[in-house]
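Sequential numbering from 119 applies to the sequence shown in my numbering. Everything below concerns the one structure shown next.
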Amino acid sequence: METVSKTISKKPKIKLDFKESKYATGRRKKSIAKIWVKKGTGKIYVNGRTMEDYFTSGSHKMQITRPFEIINQSTDYDVRCSVSGGGHTGQAGAMVHGIAKALILFDSDNRSALKTEKLNTRDSRSVERKKPGRRKARRSFQFSKR
């Protein structure tokens, strides 16, 4: 038998220079996002890829760019993000939290605008644990009267 070896071509990770940047950490559910924000042209990189390549859902892309639209500077900052854990929704929420915290570090005037939209507050909601004697966290087994 012959073995066929496949070569998978990976896209090379983008090397970025973020020396004069502000760092913040964002969290949501089980996701943790490490965010570096610097003055730039509005590019967002997630785990070495562009945001469009990483997030396929349009709602996630809209959610991530929301902090910039609130302060009316959607193309003034570049973002480099390293995100891990959870799914895409939690990762997008963690990125929003981190970006909002980093923008406040850049300019404290942004704090009031971001605070009214509750973007710099950690969303503490997470999955409720499963309880013993139940099927899920709150769902119980089917009850049979007879």
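All C-beta atoms in this analysis are idealised placements derived from N, C-alpha and C, irrespective of residue type, glycine included.
CB contact flag (residue i, residue j, <8 Å)
| i | j | result |
| --- | --- | --- |
| Lys185 | Ile217 | Note that residue 185 corresponds to Pro in the displayed sequence, not to Lys. Yes; because the gap between Cβ atoms is below 8 Å, this pair is in contact. |
| Tyr195 | Gly251 | no |
| Gly204 | Asp241 | no |
| Lys219 | Ala142 | yes |
| Leu221 | Val155 | yes |
| Thr183 | Ser192 | yes |
Rounded Cβ spacing between residue i and residue j (contact assumed at less than 8 Å)
| i | j | result |
| --- | --- | --- |
| Gln181 | Val214 | 6 Å |
| Asn165 | Val201 | 6 Å |
| Ile188 | Glu235 | 6 Å |
| His206 | Ser175 | 7 Å |
Those residues which DSSP pairs with residue i across a bridge
| i | result |
| --- | --- |
| Ser202 | Ile150 |
| Asp196 | Lys156 |
Enumerated in chain order, which unbroken segments of the beta strand (DSSP E) with a length of 3 residues or greater are wholly contained in the segment 139-185? You should have 140-146, 149-157 and 162-164.
Does the structure place the segment 239-252 close enough to the segment 144-155 that three or more beta carbon pairs sit under 8 Å? With a cut-off of 8 Å, the segment 239-252 and the segment 144-155 count as touching, because enough Cβ pairs lie within range.
Determine contact between the segment 166-174 and the segment 225-233, defined as no fewer than three beta-carbon pairs at a distance below 8 Å. A contact between stretches requires three or more CB pairs, one per stretch, nearer than 8 Å, and the segment 166-174 fails this requirement with the segment 225-233.
If you scan the segment 202-261 from start to end, which runs of the alpha helix (DSSP H) of 4 or more residues do you find wholly inside it? Listed in chain order, the alpha helix (DSSP H) runs fully inside the segment 202-261 are 206-224 and 228-234, counting runs of at least 4 residues.
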